[in-house]
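*Asks:* Numbering (our numbering), first residue to last: 27 to 203. A virtual CB, placed ideally from N, CA and C, is assigned to each residue, including glycine.
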Amino acid sequence: MCVIDSSPIIETRRIVLRAPAMDDVQSLVALGGDSDIARMTTRMPWPYGRTDAEDFVGRCQAQDRRRDNTFAIELEDEGVIGVLGLFTPPSGHLEIGYWVGKPFWGRGLATEACQGALDWAKREWRKKLVVAGHFADNPASGQVLIKAGFLYTGVVEMKPSVARGEPAATRMMVWLA
């Protein structure tokens, strides 16, 4: 299922996680262009336009896939509905982050994507620990992570939010294989 030199493809019951491609730019802009999406992420600017999405896809294509993988979340019959990333900070453990477009909220798709990515990281990368965080004003993201098997650490960190233009209190969580 995984070849180190190429982009992995992860299939779950309803979705496919695969590398973002330039063909996804329109969907990424349509969904990620919502300020409610961008402001709940650390790295997305707002407004989020075509150039931002093209730059994002280019960075994803240049990743060292032994350390980092970013996936387009693709729903059968719908196309791309969001993004999920596994990345290794310079100092620290593997971290997961994601966003799903508003029309797809409340259907368990973010949880399913996280669970698929975690299973893959455990199996292919032999990871036993993954960290995540959600902005304190986004409790729904905390529920997604809890359902995916994460636990709160009790730590709150100030993390950047490009769209907000300032750091936001972030509730840190951990997943143990």
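Suppose only complete runs of 4+ residues qualify. What are the alpha helix (DSSP H) ranges in the stretch 27-107, listed by chain order?
*Replies:* Qualifying alpha helix (DSSP H) stretches, in chain order: 51-58, 61-64, 76-87.
*Asks:* According to DSSP, is residue 154 helix, strand or coil?
*Replies:* As a working note, residue 154 is residue 128 in the sequence shown. Residue 154 falls in the coil class under three-state DSSP.
*Asks:* Taking only three categories from DSSP, how would you classify residue 114?
*Replies:* Locating residue 114 in the sequence shown gives position 88, where the first residue counts as 1. Here residue 114 sits in coil by DSSP.
*Asks:* With residue 206 and residue 125 assumed to form a contact (beta carbons below 8 Å), what rounded beta-carbon distance in angstroms separates them?
*Replies:* There is no way to answer for residue 206, as the model of the chain reaches only from 27 to 203.
*Asks:* Measuring straight from C-alpha to C-alpha, what distance separates residue 27 and residue 36?
*Replies:* For the purposes of this step, residue 27 is taken as the residue at position 1 of the sequence shown. For the purposes of this step, residue 36 is taken as the residue at position 10 of the sequence shown. Because residue 27 sits at a pLDDT of 38, beneath the cut-off of 50, its placement in the model cannot be relied upon, and the following sentence gives the value as read from the coordinates. Roughly 8 Å separates the two Cα atoms.
*Asks:* Taking the alpha carbon of residue 143 as the point to measure from, which residue in 73, 75, 203, 53 has its own alpha carbon closest?
*Replies:* Here the question's residue 143 lines up with position 117 in the sequence shown. Cα-wise, what sits closest to residue 143 is 203.
*Asks:* Taking all protein chains shown into account, do 16 or more other C-beta atoms lie within 10 angstroms of the C-beta of residue 117, making it buried, or fewer, making it exposed?
*Replies:* Here residue 117 corresponds to residue number 91 of the sequence shown, with the count starting at 1. The residue is exposed, with fewer than 16 neighbouring Cβ atoms inside 10 Å.
*Asks:* Spatial neighbours of residue 181 within its chain, please: CB distance less than 7 Å, with the 5 preceding and 5 following residues excluded, ordered by chain position.
*Replies:* On the sequence shown, residue 181 is found 155 positions in, with the first residue counted as 1. Contacts found: 198.
*Asks:* Could you tell me the distance, in whole angstroms, from the CA atom of residue 40 to the CA atom of residue 101?
*Replies:* Locating residue 40 in the sequence shown gives position 14, where the first residue counts as 1. Locating residue 101 in the sequence shown gives position 75, where the first residue counts as 1. Cα to Cα, residue 40 sits roughly 6 Å from residue 101.
*Asks:* Between the C-alpha atoms of residue 128 and residue 90, what's the straight-line distance to the nearest angstrom?
*Replies:* Reading the sequence shown from its first residue, position 102 is the one you call residue 128. Reading the sequence shown from its first residue, position 64 is the one you call residue 90. Straight-line Cα distance between these residues: approximately 30 Å.
*Asks:* Would you give the residue range spanned by the alpha helix (DSSP H) that residue 173 belongs to?
*Replies:* The residue you call residue 173 lines up with position 147 of the sequence shown. Its alpha helix (DSSP H) spans residues 165-173.
*Asks:* How many angstroms separate the CA atom of residue 155 from the CA atom of residue 62?
*Replies:* The count along the sequence shown starts at 1 and reaches residue 155 at position 129. The count along the sequence shown starts at 1 and reaches residue 62 at position 36. In a straight line, the C-alpha of residue 155 is about 29 Å away from that of residue 62.
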